[in-house]
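Asks: Take a look at this one; I'll ask things after.
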Amino acid sequence: MTAASRSQKHLAALTMGRWDRPRQLLPPGTLEPAPMLLWASLLVLAPVSGQLAALPKPVISLHPPWTTVFKGEAVTLTCNASRVHAAENIKRYWWYLGAQTLREIPGNTLKARVSGTYKCQIQGSSPSDGVSLIFSSDLLILQTPHSVFEGDTLTLRCQVKGREKLAAVKYSWNGNVIFTSRNSQDLLIPQASLNNSGNYQCIGFLEGNHYTYRSNNRIIKIQELFSRPKLEVTPPQPTEGGPVNLSCQTELRLERSDTLLSFIFFRDPGVMLSNWSRSPEVQLTAIWREDSGSYWCVVAAVVPSIRKHSLPLQVRVQGVPVSGALLETQPQGGRLLAGERLVLVCSVAEGTGDTTFSWHREDTGERLGSKRQRSRRAELEIPAVRGSHAGRYYCTADNGHSLARSGALNVTVTGDGFLGNTARRRPATGPGETACAGCPVPVELPQLYGKQQLYGNVPPGEGDLVYSEVQVIQLGQEGAAPSSLSLSSSSISFPPQHASVVYSAVKTQLPQDSAGEVRSQDEDATEGYENVQFA
């Protein structure tokens, strides 16, 4: 047997007593390893290149939970695989003590009896974090757990060797006594925080002994359950109107990977962007210039109750200047008859945020109106155009980043009183003659009984007028016979499909009674009408 073999056998006897089955070296076919560097053995153990970093490393747990015990005692170590690995599928476990590689065992537990730093490994993973054990020969020891996370209860125990009993104990933290007990109670610090890290020691007083014993000093570092979150914004410089993704990044410790975390997002001044959720991300469907400011997120663990805030992140929303202003009309082409509805549509090809649209007359310099809205398009309506509305129009758009002006558009209006008052009398025609093309079509106006029709465009003082102007112009083929037109007290119907009508002074005569008085069935009933056109 070589010296290396004797050293390996002695190490195994100290740490595990005996093996339940014959020794087997890893990997099969290699020589029995002498003490070697840990990283050298890892290269041998990796079955597939690149797999070591691909799977989570296992975690070692202790029973009892103390990292300091008396010599002659044993601590059971358990190699716990992550949830990615199914325990029943793991066939091999490897243990390391310092830089030395121990042999393969079928189970995931190991009884340790020698001081040192232990690690374990499973197939396809990197080695676990080390666990340092101390097997002490002192009379009084301070026992501490291997790992303590914020929110845990930190338990410290002052232990005396053998059959000795403690009459009283004191616990100190960074040289200051923080707890005294006369019945050797453990020190419990509930809801431990990072501030509880430090140097701990216990002082014991034995029964029937006037001597004071001090334990070894133990440095305890309370570990973060999860790291302080960091807020990430994608894209980092968002554009107005576009979506934004907020991500609250934190790292949960592997030993507590089953801890449930909740997330919430905020924006100054205290605007809550989401409710508490298990998701570390939230998406804003659209962000605007007024949404610029400080953003942050909060992560909370339900059990134990721990909350952490990210540092504020300044987000500046970028606006897109307006460009490509265009003015259009409805109806298209800008040619209208008097009384028709005109809509001026102002739009821009690009631009974000609230935009002020303004409409102008180029020929007169008049500003017709303006609208401010979050849109690339706005409308200005003129309900009924007149001849005075004819002219050149343009629009402007301004969103605070730039001003865009459209080209000028010409609007023409026809039929606004160009026939004068010729419709007050029928054109003179002889027997068998027809009206010339383009002349007004003869109109029969039946007597209006029952109601006196009053209209808004009748001049004051001429209450006997029904319409201020009535003209019918046949727009069919030249020389075609005029179509008939009927007029009643409640409506006007025009059978021709190509007729335009403008109203002018038409009088009505009410029936008279036997005494020559004009009768009215309802003298108080009146109706008001606007000057309209039919087509």
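One rule links them: number in my numbering = place in the sequence shown (from 1) + 117.
Idealized CB from N, CA, C, for every residue including glycine.
Keep in mind the model is a prediction, meaning the values are calculated, not measured.
1) Please report the Cβ distance between C467 and G441, rounded to the nearest whole angstrom; I am assuming they are in contact, meaning their Cβ atoms lie under 8 Å.
2) So, with DSSP's three-state summary, where would you put R478?
3) Quick check: R274 and Q260, are their CB atoms within less than 7 Å of each other?
4) Can you tell me the Cα-Cα spacing of G456 and P448, whole angstroms?
5) Going by C-alpha distance, which of T473, I499, S199, T531 is nearest S374?
6) In the DSSP assignment, what are the bridge partners of E341?
7) Is it a yes or a no for the segment 330-338 touching the segment 360-371, going by three-plus beta-carbon pairs under 8 Å?
8) Check each candidate in S242, Q354, L485 and name the one with the smallest Cα separation from V462.
9) Beta-carbon within less than 6 Å of A514's beta-carbon, same chain only, minus the 5 sequence neighbours each way: which residues are those?
10) Helix, strand or coil for G451 per DSSP?
11) Under the rule that 16 or more other beta-carbon atoms within 10 Å means buried, what is N516, buried or exposed?
12) Given this structure, state the Cα-to-Cα distance separating Q400 from Q318, to the nearest angstrom.
13) Could you spell out the range, first to last residue, of the beta strand (DSSP E) harbouring L378?
14) Leaving out five residues on either side along the sequence, give the residues of the same chain with a beta carbon under 7 Å from the beta carbon of W476.
15) Hey, quick one: how far does the beta strand (DSSP E) through Q238 stretch, first residue to last?
16) By DSSP, does G394 sit in helix, in strand, or in coil?
17) Might you give, ordered along the chain, the residues of its own chain that have their beta carbon closer than 6 Å to the beta carbon of V294, omitting 5 neighbours on each side?
18) Going by alpha carbons, who is nearest to L323 out of R220, R299, L304?
19) Give the DSSP-derived three-state secondary structure of S505 in the structure shown.
20) I want to know whether the segment 222-242 touches the segment 300-314 - three or more CB-CB distances under 8 Å.
21) To the nearest angstrom, how far is it from the Cα of H180 to the Cα of F252?
22) Leaving out five residues before and five after A525 in sequence, what residues of the same chain have Cβ atoms less than 6 Å from its Cβ?
23) Cα-Cα, which of E445, V350, A501, S409 is closest to D385?
24) What residue from R452, S427, S178, A418 has the CA that sits closest to Q308's CA?
25) Quick check on the DSSP output: the beta strand (DSSP E) that includes N527 runs from which residue to which?
26) Can you give the beta carbon distance from E372 to S344, rounded, assuming they're within the 8 Å contact cut?
27) Excluding five sequence neighbours on each side, which residues of the same chain lie with their C-beta closer than 8 Å to the C-beta of R489?
28) Taking C-alpha atoms, which residue in C196, Q276, G268 lies nearest to P244?
29) Output yes or no for whether 7 Å exceeds the beta carbon distance between V432 and T469.
Replies: In brief:
1) Note on residue identity: the sequence assigns Glu, not Cys, to residue 467. Rounded, the Cβ-Cβ distance is 6 Å, consistent with contact.
2) strand
3) yes
4) 13 Å
5) S199
6) Per DSSP, none; premise fails for E341.
7) no
8) L485
9) V439, A442, V465, T472, F474, A521
10) helix
11) buried
12) 51 Å
13) 378-384
14) L461, C463, L485, G486, L497, Y510, C512
15) 233-239
16) Looking at the sequence provided, one finds Ser at residue 394 rather than Gly. Strand.
17) K287
18) R299
19) helix
20) no
21) 14 Å
22) E479, R509, Y511
23) S409
24) A418
25) 526-531
26) Incorrect: roughly 14 Å between the Cβ atoms, too far for contact.
27) D471, T472, T473, F474
28) C196
29) no
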